[in-house]
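Residue numbers (the numbering used here): 965 to 1203.
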């Protein structure tokens, strides 16, 4: 439902809101569950990439309870920090803790992190692992930082131009953001844009201000989220 708060968003953006983050997580999980179920019916498998952070934790818990054929779902991450999977800052740990349980315990999870010393060294191996997933993704769930970054495509990163280049044939890019800790591995902009369904999951009024700023700047080098807004996605937001 579009409101006066979101007048600045492109027509290519669908906007849905609820009164609280809990009901938003329920509604978003049901929407995604329907997409995954339909994909399984059509071609026997479904694919989804999710983001880390605190915002999607309620969503992950709802995911884990969805009554779908999880063994036919391929799951990976939009991005991850190049840390041990048991590190508290690992998105892999977050997903294993909150999503891969209950009914979703049988999902086919493909992590981004491997044994290579650096994300740059490990990128090739991670790319090979992602070949087990048929692209484009059925669903990608993004988050967004106050600086307008999404995935690990940061405005302060030297690798941003390559990551945002829609002619980049790689699925992944290693990044070293100057304003965030750890080296990271991230899906490229092209892989995200090519997904059949892209959701942007947001909580808080400050995120609306960030979206408005992105539409004012109209510059992905300053606020990478702009590219994804212009290409169309569905925003699920709660105050």
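Each residue gets a CB set at the ideal place from its N, CA and C atoms; glycine is no exception.
Asked: Which of helix, strand or coil DSSP assigns to residue 1152; Found: coil
Asked: Residue 1040 - containing alpha helix (DSSP H), residue span; Found: It is not in any alpha helix (DSSP H) - residue 1040 instead sits in the beta strand (DSSP E) that spans 1037 to 1041.
Asked: Ordered list of beta strand (DSSP E) runs contained in the stretch 992 to 1037, each at least 3 residues; Found: 1010 to 1014
Asked: Coarse secondary structure for residue 1098, derived from DSSP in three states; Found: coil
Asked: Residue 1000 and residue 1102 closer than 8 Å at C-beta; Found: yes
Asked: Proximity winner among 1115, 1196, 1033, 974, relative to residue 1149 (alpha-carbon distances); Found: 1115
Asked: Separation of residue 1028 from residue 1120, as counted between CA atoms; Found: 35 Å
Asked: Identity of the residues DSSP links to residue 1165 by a beta bridge; Found: 1200
Asked: Candidates 1088, 1063, 1052, 1056, of which the one nearest residue 1034 by Cα; Found: 1063
Asked: Meets three-Cβ-pair contact criterion under 8 Å: the stretch 1192 to 1203 and the stretch 1056 to 1071; Found: no
Asked: Spatial distance of residue 1096 from residue 1181 (CA atoms); Found: 38 Å
Asked: For residue 990, the three-state DSSP class (helix, strand or coil); Found: helix
Asked: Sequence-distant residues of its chain with Cβ nearer than 6 Å to residue 988 (five each side left out); Found: 982, 1200, 1202
Asked: Complete alpha helix (DSSP H) runs within the stretch 1053 to 1120 (minimum length 4 residues, chain order); Found: 1055 to 1062, 1083 to 1094
Asked: Burial state of residue 971 (16 or more Cβ within 10 Å); Found: exposed
Asked: Sub-8 Å separation of residue 1157 and residue 1195 beta-carbons; Found: yes
Asked: Sequence-distant residues of the same chain with beta carbon closer than 7 Å to residue 1154, five excluded per side; Found: 1130, 1132
Asked: Residue 1009 to residue 1031 span [Cα, whole Å]; Found: 15 Å
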